[in-house]
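Here the structure is laid out as structure tokens; the discussion comes afterwards.
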Amino acid sequence: MKKVQQHYDEIADIYDDRYDGNRGKYYHGHISDHVMGVLPQGGFLLDIGCGTGLFVQRYVEEGGRAVGLDISPGMVRHGRQRCPASGFFVGTADVLPFKDATFDALASLLAFSYVPDPEAMLRECYRILKPGGRIAVCTLSRTVFTSIVPIAYQVGEKVGLKKVGVGDFGEHYYTNSEIARLFCEAGFEDVAVSRCSFAHLNLADPVFYLARKVEPFIEENLPYLAYNVCAGGKKPEG
Numbered sequence: 001m002k003k004v005q006q007h008y009d010e011i012a013d014i015y016d017d018r019y020d021g022n023r024g025k026y027y028h029g030h031i032s033d034h035v036m037g038v039l040p041q042g043g044f045l046l047d048i049g050c051g052t053g054l055f056v057q058r059y060v061e062e063g064g065r066a067v068g069l070d071i072s073p074g075m076v077r078h079g080r081q082r083c084p085a086s087g088f089f090v091g092t093a094d095v096l097p098f099k100d101a102t103f104d105a106l107a108s109l110l111a112f113s114y115v116p117d118p119e120a121m122l123r124e125c126y127r128i129l130k131p132g133g134r135i136a137v138c139t140l141s142r143t144v145f146t147s148i149v150p151i152a153y154q155v156g157e158k159v160g161l162k163k164v165g166v167g168d169f170g171e172h173y174y175t176n177s178e179i180a181r182l183f184c185e186a187g188f189e190d191v192a193v194s195r196c197s198f199a200h201l202n203l204a205d206p207v208f209y210l211a212r213k214v215e216p217f218i219e220e221n222l223p224y225l226a227y228n229v230c231a232g233g234k235k236p237e238g
């Protein structure tokens, strides 16, 4: 995790550049739509791996209250600048610095694959979520396309490419059944898993816009080709 923290601290000042353009706005907006569809509206949310606060900002704009947590102090600094009325904390997902039954909703966008102990994270999520509260995670899915990503990272590092995205940090690509099992073992109920995002922002412009056009068809009919997997669950009442 130290390598991940250092990476994001190094790119914190330029991280939002990838989401300022049309591709980035569409990509993040698309996965945010999937996550928002799982969560209660108008509640109190924690975003785990919040980065610069993009999803915190959206949840607040749609009527909720939200705070964010990230391993990178640089990212947290930018989150505080983006949403000065929300709280941002530096910390790790396996030891969440909050009291039991604090939140109505928990979200994690594009961070779960980099958590070294996902079981510990989900146990902590269960602890701090109120009874009846909901959790939504969107992370990397295991597909024929994503299987070559680690190789691409290695090539990029060897030729000296500096990417805003995460490099080869041992990230884990999840199948639907694998992430569903983790949620169920942590105690969540009403667990549902789906695939999303065929138009990834790292694609070149012509390919991205083509992928965007066929994305609804892919998600509905060929979900195993989608880049991300989204999982949601509920903490039992009482």
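Numbering (the working numbering), first residue to last: 1 to 238. The beta carbon of each residue, even a glycine, is placed where N, CA and C say it ideally should be. Bear in mind that the values here come from a model prediction, so they are computed numbers and not experimental data.
Spell out a yes or no on whether the stretch 198–218 and the stretch 42–60 are touching, meaning 3 or more CB-CB pairs, one atom from each, closer than 8 Å. no
Leaving out five residues before and five after residue 97 in sequence, what residues of the same chain have Cβ atoms less than 7 Å from its Cβ? Answer for residue 97: 89, 91, listed in chain order.
Comparing alpha-carbon positions, which option in 32, 74, 5 lies nearest residue 54? 32
Within the same chain, show all residues whose beta-carbon is closer than 7 Å to that of residue 203, passing over the 5 residues directly before and after it, in chain order. 211
Integer Cβ distance of residue 233 from residue 128, believed to fall under 8 Å: The Cβ separation is near 14 Å, so there is no contact.
Three-state secondary structure assigned by DSSP to residue 88: Looking at residue 88 - three-state DSSP - the assignment turns out to be strand.
Euclidean distance between Cα positions of residue 194 and residue 171: 20 Å
Can at least three beta-carbon pairs, one atom from the stretch 6–17 and one from the stretch 104–118, be found at a separation below 8 Å? no
List the endpoints of the continuous alpha helix (DSSP H) containing residue 20. 17–20
Pairwise C-alpha distance: residue 37 and residue 178: 21 Å
Where does residue 72 fall in DSSP's three states? coil
Out of 67, 39, 63, which has the shortest C-alpha to C-alpha gap to residue 49? 67
Between the C-alpha atoms of residue 8 and residue 80, what's the straight-line distance to the nearest angstrom? 16 Å
What's the gap between the Cα of residue 181 and the Cα of residue 231? 11 Å
Buried versus exposed call for residue 196 [16 or more other C-beta atoms within 10 Å across all chains shown]: buried
Could you tell me the distance, in whole angstroms, from the CA atom of residue 198 to the CA atom of residue 59? A straight-line Cα-Cα distance of about 24 Å links residue 198 and residue 59.
Identify which residue in 101, 107, 118 has its Cα closest to the Cα of residue 131. 101
Please state if the CB of residue 176 and the CB of residue 229 are separated by a distance shorter than 9 Å. yes
Applying the criterion that 16 or more other CB atoms from any shown protein chain within 10 Å of the CB defines a buried residue, is residue 222 buried or exposed? exposed
May I ask you to list the residues that DSSP assigns as paired with residue 174? Looking at the DSSP assignment, residue 174 forms a beta bridge with 141.
Using only the alpha-carbon positions, how far apart do residue 85 and residue 35 sit? 22 Å
Quick one: using the 10 Å Cβ neighbour count with 16 as the cut-off for buried, is residue 10 buried or exposed? exposed
On the CB-based measure, 16 or more other CB atoms within 10 Å of its CB, does residue 235 come out buried or exposed? With 16 or more Cβ atoms within 10 Å of its Cβ, residue 235 is classed as buried.
Own chain partners of residue 76 with C-beta closer than 6 Å, once the 5 adjacent residues on each side are dropped: 70, 88, 90
Indicate the three-state DSSP secondary structure (helix, strand or coil) for residue 125 in the structure shown. DSSP places residue 125 in helix when its eight states are reduced to three.
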